[in-house]
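Here the numbering used here is used: the first residue of the sequence shown is 85, the next is one more, and so on.
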Amino acid sequence: MFRNYIKVAVRTLMKNKLFTLINVFGLALSMSICMLVLIGLKDQLGYDKFHPRPERIYRIISQLTNKQGNSYRFATSPLPFANNFTAGYDLIETSTRVYIPGSQRAIGENNRQFVINGAFADASFFDVFGFPFKDGNKTVALKAPNSIVLTHAVAEKMFGAGVDAIGKTIEYPTWGNFVVTGVLAQPIGKSHLDYDAYLSMSSVVALEKAGKLTAMSELWDNFFTSYTYVVTKKGISRSQLNRAVEDVSTKLMAAQKNEGSAAVQFEAQPFKKIIVGEELIAAARNTGSRSKVWGPVAIGFIILLSACFNYTNLSIARSLKRGKEVGIRKVSGAMRRNVFFQFIIESLLLAFIAFGFAFLFLRVMIDYLPFIAESIPQGFTFDWSVFVWFFLFTLFAGFLAGSLPAWTLSSFKPVQVLKNLSNVKLFGSNGLRNSLIVVQFSLALVIVIFTLVFSRQFDYLAN
Numbered sequence: 085m086f087r088n089y090i091k092v093a094v095r096t097l098m099k100n101k102l103f104t105l106i107n108v109f110g111l112a113l114s115m116s117i118c119m120l121v122l123i124g125l126k127d128q129l130g131y132d133k134f135h136p137r138p139e140r141i142y143r144i145i146s147q148l149t150n151k152q153g154n155s156y157r158f159a160t161s162p163l164p165f166a167n168n169f170t171a172g173y174d175l176i177e178t179s180t181r182v183y184i185p186g187s188q189r190a191i192g193e194n195n196r197q198f199v200i201n202g203a204f205a206d207a208s209f210f211d212v213f214g215f216p217f218k219d220g221n222k223t224v225a226l227k228a229p230n231s232i233v234l235t236h237a238v239a240e241k242m243f244g245a246g247v248d249a250i251g252k253t254i255e256y257p258t259w260g261n262f263v264v265t266g267v268l269a270q271p272i273g274k275s276h277l278d279y280d281a282y283l284s285m286s287s288v289v290a291l292e293k294a295g296k297l298t299a300m301s302e303l304w305d306n307f308f309t310s311y312t313y314v315v316t317k318k319g320i321s322r323s324q325l326n327r328a329v330e331d332v333s334t335k336l337m338a339a340q341k342n343e344g345s346a347a348v349q350f351e352a353q354p355f356k357k358i359i360v361g362e363e364l365i366a367a368a369r370n371t372g373s374r375s376k377v378w379g380p381v382a383i384g385f386i387i388l389l390s391a392c393f394n395y396t397n398l399s400i401a402r403s404l405k406r407g408k409e410v411g412i413r414k415v416s417g418a419m420r421r422n423v424f425f426q427f428i429i430e431s432l433l434l435a436f437i438a439f440g441f442a443f444l445f446l447r448v449m450i451d452y453l454p455f456i457a458e459s460i461p462q463g464f465t466f467d468w469s470v471f472v473w474f475f476l477f478t479l480f481a482g483f484l485a486g487s488l489p490a491w492t493l494s495s496f497k498p499v500q501v502l503k504n505l506s507n508v509k510l511f512g513s514n515g516l517r518n519s520l521i522v523v524q525f526s527l528a529l530v531i532v533i534f535t536l537v538f539s540r541q542f543d544y545l546a547n
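In structure tokens, the structure reads:
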């Protein structure tokens, strides 16, 4: 049966070459744009998938409200929070802090000098997060003061390819010497925590006392340079955690004597909502808000919808020619579902033909349009998972485009269409076709308006 459906679909598409060409071209263009959007979406949803216990990891975020009632939400929290919270509440299995002092110049072997984007982190950092090690012991790598863990790429830059970096020294002109205690393996996935090096947090206090770092380790009013992550014990819910976090906020406000101080409120943000979550001040790089992630998806869907409506309009316009075919099939014993699936198979076949051209258009855009190439995530490759996404998307596009024509044409009654097809009413005379044309033009306007608004909002947020 399926083989017969394919044969009939191929013959129909070959017989109506202009119809096929118009729909393949329209679907291919819209699908190429949607595929570009899917690449970005897959990249965003692929962050931080390799860490253990993601369902129990939370980032502590801060909200400051000034006397005028203006609230500001930060992805960061004060450095003392983690130690205070872990000691005071029996909810936490472990915690870690990430302190960002800014990029610094570092000197490696043979006077190799590079600016390194590093972060101070607690010894428990590699217990909370699943960054794989190439060399060194992750349990003790950041335990001793003046220890440093490098990424594989930075270790090769500082000491040369193939050189064992463990035990070697990196000199920071500002902070002094740090001993390499670990080298990370090649990343197995992307993370919002993307630093060149991780330095031991136990070094911070000594550097502060020596005047080499601004004293931040005991300040509760520094909300700009450090992130706090906690791993809850099994069975602890987010609401339980937030009640304890709010208690810390209450105690902090009670301890502040200055009436002009901003009101502070802490909150536990689920780890899975860091990448595709709310827009926060001082968020780590590589994080995106919901609007940045889902805005392009909405635009792509509207563009695809417009192409699908075009297919629907043309299919219904051809109903006069296909009506007798439907009537003869039904008289010959075909059920409505058989006719429905025939038209769905035809639509899917058209969608997969369009997919071939869409992929070709996509490669041309990436290779010859610089602004498109810049939007492709760094390190992206067309692996099998990408083609799985594209395959599922093509199925969706085919069903979306063909479902209404298939439903409408399969509803024809054989006696009516064989006697006089002009008497067949599609939702009331020409109402359906007129409605679809109006919707199609409306979608075109929505695409233009949506794109302009989204572009301006994105520029505003970026600047």
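The beta-carbon is built from N, C-alpha and C at its ideal position, and this holds for glycine as well.
Fair warning: this is a prediction, and the values are worked out from it, not measured in the lab.
Straight-line Cα distance separating residue j from residue i
i, j, result
"Leu105", "Asp467", "29 Å"
"Asn88", "Ser321", "55 Å"
"Phe109", "Phe475", "18 Å"
"Leu102", "Tyr156", "57 Å"
"Asn150", "Ser469", "47 Å"
"Lys296", "Pro257", "10 Å"
"Gly260", "Gly202", "14 Å"
"Arg540", "Gly124", "20 Å"
"Thr298", "Pro185", "9 Å"
"Phe169", "Val537", "43 Å"
"Met419", "Pro136", "53 Å"
"Leu226", "Thr316", "22 Å"
"Ser459", "Pro380", "12 Å"
"Val329", "Val121", "38 Å"
"Asp248", "Ser431", "58 Å"
"Phe209", "Gly251", "20 Å"
"Ala166", "Ser487", "55 Å"
Helix, strand or coil at residue i according to DSSP, with G and I counted as helix
i, result
"Leu388", "helix"
"Thr223", "coil"
"Thr316", "strand"
"Lys218", "strand"
"Phe158", "strand"
"Gly124", "helix"
"Asp190", "According to the sequence as given, residue 190 is Ala; it is not Asp. Here Ala190 sits in strand by DSSP."
"Phe86", "helix"
"Glu430", "helix"
"Asn556", "Look at the range of the chain in this structure, 85 to 547, and you will see that residue 556 is not part of it."
"Gly552", "Nothing can be reported for residue 552: it is not among the residues displayed for the chain, which extend from 85 to 547."
"Glu255", "strand"
"Pro380", "helix"
"Tyr395", "helix"
"Ser286", "helix"
"Phe204", "strand"
"Asn261", "strand"
"Val247", "coil"
Nearest residue (CA-CA) to residue i, options the options
i, options, result
"Ala391", "Ala485, Met285 and Glu430", "Ala485"
"Leu479", "Phe443, Leu434 and Ser459", "Leu434"
"Met285", "Trp304, Ser310, Leu488 and Asn394", "Ser310"
"Val199", "Gln188, Phe209, Asn167 and Asp206", "Gln188"
"Leu148", "Ala347, Asn422 and Glu409", "Ala347"
"Asn195", "Thr170, Ala166, Leu234 and Lys241", "Lys241"
"Phe525", "Ile437, Arg413, Asn397 and Met449", "Asn397"
"Phe350", "Gly172, Ser116 and Ser333", "Ser333"
"Phe383", "Lys356, Met119 and Phe86", "Checking the sequence, you will find Ile at residue 383 rather than Phe. Selected option, being the one with the closest Cα: Met119."
"Tyr183", "Val314, Leu163 and Gly482", "Leu163"
"Thr253", "Phe262, Leu529 and Ala328", "Phe262"
"Ile429", "Phe441, Ile412, Gly482 and Asn394", "Gly482"
"Phe215", "Leu529, Ser114 and Val233", "Val233"
"Phe425", "Asp331, Phe134, Thr223 and Ser495", "Ser495"
"Thr312", "Arg413, Ser459 and Phe355", "Phe355"
"Gly266", "Ala245, Glu302 and Ala239", "Ala239"
"Gly220", "Ile412, Trp304, Met98 and Ala269", "Ala269"
Buried or exposed (CB count within 10 angstroms, at least 16 for buried), residue i
i, result
"Asp127", "buried"
"Thr160", "buried"
"Arg140", "buried"
"Val522", "exposed"
"Pro461", "exposed"
"Asp174", "exposed"
"Val410", "buried"
"Lys222", "buried"
"Tyr395", "buried"
"Ser301", "buried"
Any non-hydrogen atom of the ligand MG closer than 6 Å to residue i Cβ
i, result
"Thr96", "Inclusion of the ligand MG in the displayed structure is not the case, the ligand content being empty and no account of it being possible."
Residue-level contact to chain B via CB, residue i, 7 Å cutoff
i, result
"Gln188", "The question asks about chain B, but that chain is absent: this structure has only one protein chain."
(message) Using 8 Å as the cut-off, can you tell me whether the stretch 168-181 makes contact with the stretch 379-392, which would need three or more C-beta pairs spanning the two stretches below that distance?
(response) Under the 8 Å Cβ criterion, the stretch 168-181 does not count as touching the stretch 379-392, having fewer than three qualifying pairs.
(request) Give a yes or no on contact between the stretch 88-100 and the stretch 360-369, applying the rule of three or more CB pairs nearer than 8 Å. (result) Result no; under three Cβ-Cβ pairs closer than 8 Å.
(message) Does the contact criterion of 3 or more C-beta pairs under 8 Å hold for the stretch 273-280 versus the stretch 118-138?
(response) With the cut-off at 8 Å, the stretch 273-280 and the stretch 118-138 touch.
(message) I'd like to know if the stretch 287-303 and the stretch 137-144 are in contact, where contact means that at least 3 CB-CB pairs between them fall below 8 Å.
(response) Flag = no, the stretch 287-303 and the stretch 137-144 do not touch.
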